[in-house]
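What follows is one structure encoded as C-alpha cells, with my remarks underneath.
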Amino acid sequence: MSDMYGNPASAPDIPEEDIVDITVIGAGPAGLFTVFSAGIQEMKCRVVDSMPQVGGQLTALYPEKIIYDVPGFPKVVTKELVDQLEEQAAQFSPKIHLNETVVSVRRLEHRMLEVRTSLDNTYYSRSVVIAAGIGAFSPRVPDEELYERLGEEKGAYTCVRDKSKFADKDVVILGGGDSALDWVLGLVDVARSVSLVHRRTNFRAMDHSVSKLKGLSEEGRVKIYTPYSYDSVETDSDGHISSVTIVEGKTDEKVELKCDRMLSLLGFKNDLGPIVEWNLRFEDSSIKVDPDMQTNIPGVFAVGDIAAYPQKIKLILTGFSDASIAVQNCVPYVRPGKKASHVFTSVRGLPADAK
Ligand SMILES: Cc1cc2nc3c(=O)[nH]c(=O)nc-3n(C[C@H](O)[C@H](O)[C@H](O)COP(=O)(O)OP(=O)(O)OC[C@H]3O[C@@H](n4cnc5c(N)ncnc54)[C@H](O)[C@@H]3O)c2cc1C
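So that you can map any letter, position 197 of the sequence shown is 197 in this note's numbering, and since no number is skipped, the others follow by simple counting.
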C-alpha cells in the first residue's frame, strides 16, 4: 500500500478502546524498550512481530551468546537480556501480537494511522514506531512450496510450540545450530524416534549440547546423519508426511527415514518486505529519521537498526536511546498541545498502571 504520504483516507468510526497511542512494529530490543518508554509516558501501546517469540535478532540469530556491551551488564546471555526486556515492557500490559507481519500503514483523517497485518487484522493507532531491525524474520525451510502446502497439520513444522504434538512420533530434525540441537535434546524423551540431519559434519552449537547429543547417539537414542541434506518427502493417502529422503553430501547416496514430523530448524531469513513500499525515505536499507526520530511521514517514527541518521551505530544500546527519544517526541504528536516531559523514573517512580 503506497498512499501513506498522500491525502489521508477517511477514518471509520473507531471505538476509543480500540485505538492505541503507539503501534510498535518489531519486538526486538529497540521495540521492547519503546513499549517500556511509552509506558512511563502513560501511553497505550501495541506491538506486532512476525516471529513466534520476542527478541528480534537476539532470539533469531544468536540466542545463546554472551553480550559484553550492554551498559550495566559486564556480561549477559542474550536470552536473559530478552527476558529482562520483556518483563520490563510487560509492566504496562501492552497488546502483543506475534507470528503477525505488518503489511501496510496508512494515514487516515484526524491524525489516525491504520495498520494492517498478514493475518488480515486492522489496528488503529495515533502514532507508529517502526523498530523492524533488518526486516521481518521468517524460518528458512528446505522447500517453501512444500511447507506452504503441508503446514503443521500434515507434519511440516518450523518450531515447537507444544511438545505433545511430537509425542510418540518419528521426528526428523533438519539443522545443525543451537536450536536444532536444543530440540533434539528437548524431544528425545517425548518422541518415538529422533533423527538429526545436518549438511556439515560439525555443529554450530554450544559445546555442552554437542557433547550431550554425541552421548545420546552412542546410546542409540538419537540418529545423526552428517553430511546429509534434505532431498524430498513422501506423503500418505491423507497427504501427511510419512517419510523424508535425505542425500549424502559426497556420495549422493540416498536414505529414506520414517517420519511423521519434519522439523526445519535451519535458521531464519530476513526481509524488509512491505516496508519499502510505504513511501518512507530510505538510505541503503535503513529509514532516514530526523533528530526527533520522526520519518518523513508525520506520526511515524523509526528506531534501532532500521533508523538511519548521521553517525548511527547499529547496536542494542543505540536502539534503547532511539526508543526513548522517539517516545518523547510521540507525546506532542499523540496529544496535541502537550509538551514532551522528561521523566526521571527514580524521582517519579512508575505510573500506577505498572504492575
Ligand atoms: C550475530 C550477531 C551478534 C551481535 N552482537 C551484538 C553485540 O554483542 N552487541 C550489540 O549491541 N549488538 C549486537 N548485534 C546487533 C544487535 O543484535 C542489533 O543491533 C539489534 O538486534 C537491533 O535491534 P532492533 O530492535 O532494532 O531490531 P531487531 O533485533 O532486528 O528486531 C526487529 C524485529 O522486527 C520484526 N519485524 C520486521 N519487520 C516486521 C514487520 N513488517 N511486521 C512485524 N514484525 C517485523 C522482526 O521479525 C524482528 O523481530 C549483533 C547482531 C548479530 C547478527
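A virtual CB, placed ideally from N, CA and C, is assigned to each residue, including glycine.
Rounded distance between the beta-carbons of residue j and residue i, thought under 8 Å
i	j	result
R161	A9	Going by Cβ atoms, the distance from R161 to A9 rounds to 37 Å, so no, they are not a contact pair.
D48	H97	Going by the sequence as given, residue 48 is Val instead of Asp. Contact holds; Cβ gap of about 5 Å.
K258	S243	6 Å
V197	Y228	5 Å
L150	I25	Not quite, the Cβ-Cβ distance comes to about 30 Å (not below 8 Å), so this is no contact.
A357	A30	Nothing can be reported for residue 357, as the shown portion of the chain is limited to 1 through 355.
K288	A308	5 Å
Buried versus exposed call for residue i [16 or more other C-beta atoms within 10 Å across all chains shown]
i	result
Q41	buried
S195	buried
Y157	buried
E114	buried
A167	exposed
G215	exposed
T122	exposed
L317	exposed
F344	exposed
R46	buried
S2	Any answer about S2 is weak, because its pLDDT of 39 lies below 50 and its placement is not dependable; what the coordinates show is given next. Label assigned to S2: exposed.
L119	exposed
R261	buried
I306	buried
R348	exposed
I66	exposed
P298	exposed
I313	exposed
D170	buried
D13	exposed
Y333	buried
V443	Residue coverage of the chain in this structure runs from 1 to 355, which leaves residue 443 outside it and unanswerable.
R126	buried
Q311	exposed
DSSP three-state assignment for residue i, whether helix, strand or coil
i	result
K339	coil
H97	strand
Y147	helix
N329	helix
E256	strand
D21	strand
H276	It is Val, not His, that sits at residue 276 in the sequence shown. Helix.
I306	helix
I130	strand
I316	helix
G177	strand
V289	coil
R382	Because residue 382 is not part of the residues shown, which for the chain are 1 to 355, the question remains open.
D3	Reliability fails at D3, whose pLDDT of 49 lies under 50, so the model's placement of it is uncertain and the value that follows must be treated cautiously. Coil, per DSSP.
D322	helix
T122	strand
D13	coil
A27	coil
Closer than 7 Å: residue i CB and nearest ligand 2 heavy atom
i	result
S104	What this structure holds is ligand 1, not ligand 2.
heavy atom of ligand 1 below 7 Å from residue i C-beta
i	result
G72	no
M293	no
T101	yes
F320	no
F137	yes
Q84	no
D120	no
Q356	Shown here, the chain extends from 1 to 355; a query on residue 356 therefore has no answer.
L315	yes
D182	no
D178	no
Y309	no
P52	no
G56	yes
I306	yes
I275	yes
A30	yes
A326	no
S131	Here the sequence assigns Ala to residue 131, which means Ser is not the residue at that position. Because some heavy atom of ligand 1 lies under 7 Å away, the Cβ of A131 counts as near it: yes.
L216	no
D252	no
A27	yes
(request) Could you name each continuous beta strand (DSSP E) segment of 3 residues or more that falls completely within the region 33-120, going from the start of the chain to the end? (result) 45-48, 95-97, 102-108, 112-117
(request) Quick one: which unbroken beta strand (DSSP E) runs of 3-plus residues sit fully inside the region 152-235? Chain order, please. (result) 170-174, 193-197, 222-225, 228-235
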